[in-house]
Structures are given as C-alpha cells and as structure tokens.
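Asker:
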Amino acid sequence: MIHREREQKFVREMIVMAYTKPVTTTEMFKKAYNGGYAIGAFNVNNMEIVQGITEAAKELEAPLILQVSKGARAYANHTYLVKLVEAAIIETGLPITLHLDHGDSFELCKSCIDGGFTSVMIDKSGLPFDENIKITKQVVEYAHDHGVVVEAELGTLSGIEDEVNVSAEAASYTRPEEVEEFVQRTGCDSLAIAIGTSHGAYKFTAAQCTRNEKGELVPPPLRFDVLEEVSKRLPGFPIVLHGSSSVPQQFVKMVNENGGKMPDAVGIPEEQLRKAAKLAVCKINIDSDLRLAMTGTIRKYFAEHPDHFDPRQYLTPARAAIKELVKHKITDVLGCDHKAF
Ligand SMILES: [Zn+2]
Numbered sequence: 044m045i046h047r048e049r050e051q052k053f054v055r056e057m058i059v060m061a062y063t064k065p066v067t068t069t070e071m072f073k074k075a076y077n078g079g080y081a082i083g084a085f086n087v088n089n090m091e092i093v094q095g096i097t098e099a100a101k102e103l104e105a106p107l108i109l110q111v112s113k114g115a116r117a118y119a120n121h122t123y124l125v126k127l128v129e130a131a132i133i134e135t136g137l138p139i140t141l142h143l144d145h146g147d148s149f150e151l152c153k154s155c156i157d158g159g160f161t162s163v164m165i166d167k168s169g170l171p172f173d174e175n176i177k178i179t180k181q182v183v184e185y186a187h188d189h190g191v192v193v194e195a196e197l198g199t200l201s202g203i204e205d206e207v208n209v210s211a212e213a214a215s216y217t218r219p220e221e222v223e224e225f226v227q228r229t230g231c232d233s234l235a236i237a238i239g240t241s242h243g244a245y246k247f248t249a250a251q252c253t254r255n256e257k258g259e260l261v262p263p264p265l266r267f268d269v270l271e272e273v274s275k276r277l278p279g280f281p282i283v284l285h286g287s288s289s290v291p292q293q294f295v296k297m298v299n300e301n302g303g304k305m306p307d308a309v310g311i312p313e314e315q316l317r318k319a320a321k322l323a324v325c326k327i328n329i330d331s332d333l334r335l336a337m338t339g340t341i342r343k344y345f346a347e348h349p350d351h352f353d354p355r356q357y358l359t360p361a362r363a364a365i366k367e368l369v370k371h372k373i374t375d376v377l378g379c380d381h382k383a384f
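Here's what the structure looks like:
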C-alpha cells in the first residue's frame, strides 16, 4: 500500500514536471464535460492577482484558465503578462491555459497567438450572424494552424467590462436554433452563450430584481432552458459563461464600510453557476469578484493602518483574499478541485 502510494506520488510528480508552458483547453474541457464540472477562467492584470489565483489552484490541484483582456494587455503589457503566467506554471506545475478574453479583431487574436497564448476568444457577437461567422472562421483557421484553440460567442451579454459595454436593451439571449450552423461553419472549439449572465459588478438594475429579507437584490434566474436546448443540439461541445461573478456581499460591505460607494452591486447566485457547471458549461469567467476582494481588503487595510505606506503591507492581505476567494470558487462553485492531473 505504502509502496503504491509512493509510486503514485512519483508518477504525479513526473506529470507535474511536464507542465512548464501553457496548454490548450482541449483536454481540460473534455474532462470537465464528462466529469460534470467547469474550469475557472480568471482575469489577470498584475503579479499579486496571478499569485493569489495560482496559489489557490495549486493547493487544490485544480486546472486553470488565466485570461487577459485587451484592457489588461494595454495596462500591464503583453510580455509582462505572458511571463507572469509562465512563472506561475513553473511554480505550480499545473495545466494552465493562457487565454485572450474578448478579442475584438483578427489582428489582436493573431498577435496573441504569435505571442504565446494557447487560446483566444474572438467576440463578434455584436455583428450580424454571417459576419460573426466570417471573422470567427478566419481566426479559427489561423489559430488551428498554430496549435491554438478558439472561443466564439453567440448572443449578447449586457454590462460593462473593460472595452465591452452593452446596454440591457441591446443584450439578447443566444438563439439555440443558430448554434449548430455557427459551430459547423466556424470550426470554433468552444462557444460563449448568453443565458442571463452579465459583465461587471452592477449586473442588474433594481427594477430587474426582487429583494430578499436582508434587503439585498436578487437577480432574475439564468435561462437554463436555453442552455439545455443548446447542449442538446451540440452534444459534448464545451459551453462558456461570461459575466459570472457573484459579487459577494461581504466584499461589497467591506468596500462600503471603508470609504467606498457601491450601492446595490449584485451578481449571479453561486448555486446557479454550480448547476451550470454540472451541465455543458466547461468554462466560467470570473473577474469582478477578484476586483472586489482586492479592493475591499485594501480599503479595510488603509482604514485600519492610516500610517502604513509600503505596498507590500496592503498587497499581502489583498493577495490572500484573492486566494481564499478562488479556493471557494474552485471547490464550491466550479467543482474542479483535484482535477488537474
Ligand atoms: Zn466576457
């Protein structure tokens, strides 16, 4: 028994040694689809965020997608982000995908493919169906020639996130009758759909919600009927959910109690995301929750230590808050703990 355990540990260490570069999502999604869980796709902008996320994943042996938006790339610079992610892979040994979030042009996708990303999203969901297909197909051809996978989008999410800003009126649910033709004609590897999630920390207006007994806003439920219809038409095909932060109220409170002002920020209930992860959803995007954890923690730290000025002093608890949040997401929302190897 002891011998076998030691042997398994050795094999695991050998596998861990194999990951020194980012991987694609192909194997990850296959396992996630069949295993009834989802991979967390967390947005990264700086070292502390990368470290907080990847330390959590390492402790829980979770596969991971680290994603970079156009805005993050403009903020931190392409090379810095690629090298930070590569450093995280070397430190953790985990299978990690480096993904472009919301690529808005062939040129941007090409630049990321040429520059070390293993996955890109081309988001032309705002264009008519045929034009979305045309540009997505162009990205897919270039990406596949270079061993990179592509996420595309049908349907439009409302909300604000970096460069993406869609009003509630312009948002629309994915039409299931379009998905087979879209996937067939584009050759994309995964598909982001709109079933009622939304970008940012203010996903819904008070008028769209009800209030619970604590006075907190409760958003309208996700359209699981649309998800089920899509997955029926695309059996085995990985589906992606954007805008899936849950806006934890303890961090909103922390922000508001320490000089911030975020009234009525509201997100997607975690139990609905857990349900989606058990179905065809293989990738769940989380960004706002990381921002809230970091900002709430830093605000609290500043309020409690007005004399401190060393960034390491307030970034240490901020990084720890991100780590705790991601551990909770991996275990309780995504269900991908101990699925890395
Ligand atoms: Zn998104």
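First residue of the sequence shown: 44, per this note's numbering; consecutive thereafter.
Ideal Cβ positions, reconstructed from N, Cα and C, are used throughout, including at glycine.
Just so you know, these numbers come straight off a predicted model, no measurement behind them.
#1: Assuming L284 contacts A319 (C-beta within less than 8 Å), just tell me the rounded distance between them.
#2: Go to I165, then tell me how far its alpha helix (DSSP H) extends in each direction, as first and last residue.
#3: Tell me whether I133 is buried or exposed, calling it buried when 16 or more other Cβ atoms sit within 10 Å of its Cβ.
#4: I'd like to check one pair, K101 with G382: are the Cβ atoms closer than 8 Å?
#5: Where are the alpha helix (DSSP H) runs, 4 residues long or more, that stay fully inside the region 104 to 173, in chain order?
#6: Select from I82, A346, E129, L358 the residue whose C-alpha is nearest the C-alpha of C379.
#7: How many Å lie between L277 and L127 at the Cα?
#8: Taking the Cβ atom as the reference point for each residue, do A336 and A364 lie within a distance shorter than 8 Å?
#9: Three-state secondary structure (DSSP) at E196?
#10: With a 10 Å radius around its C-beta and 16 neighbouring C-beta atoms as the bar for buried, classify R355 as buried or exposed.
#11: Indicate, with yes or no, if ligand 2 has a heavy atom lying under 7 Å from the CB of D144.
#12: Apart from the five residues on each side of it in sequence, which residues of its chain come closer than 8 Å, Cβ to Cβ, to V125?
#13: Any heavy atom of ligand 1 inside 7 Å of the beta-carbon of N23?
#14: Have a look at P65, F280, F267 and flag the residue whose alpha-carbon is nearest the alpha-carbon of V226.
#15: Please classify L260 as buried or exposed, where buried requires at least 16 other C-beta atoms within 10 Å of its C-beta.
#16: Going straight from the alpha carbon of L377 to that of S331, what length do you get?
#17: Which one of E70, K153, K167, A117 has the shortest CA to CA distance from V87?
#18: Among D144, T217, S241, D173, which has the Cα closest to the Cα of V192?
#19: Measuring alpha carbon to alpha carbon, tell me which of I236, C231, A250 ends up nearest S274.
#20: Please go through the region 292 to 324 and give each complete alpha helix (DSSP H) segment of 4 or more residues, from N-terminal end onward.
Answerer: Reading from the atomic positions:
#1: 6 Å
#2: Premise fails: I165 lies in the beta strand (DSSP E), 162 to 165, not in any alpha helix (DSSP H).
#3: exposed
#4: With the sequence shown as reference, residue 382 is identified as Lys, and Gly is not the correct amino acid for it. Not in contact: K382 and K101 (Cβ atoms no closer than 8 Å).
#5: 113 to 119, 121 to 135, 149 to 157
#6: I82
#7: 35 Å
#8: yes
#9: strand
#10: exposed
#11: Of the ligands this structure carries, namely ligand 1, none is ligand 2.
#12: L141, G158, G159, F160
#13: The displayed coordinates of the chain run from 44 to 384. Any statement about residue 23 would go beyond what the structure contains.
#14: F280
#15: buried
#16: 16 Å
#17: A117
#18: D144
#19: I236
#20: 292 to 300, 313 to 321
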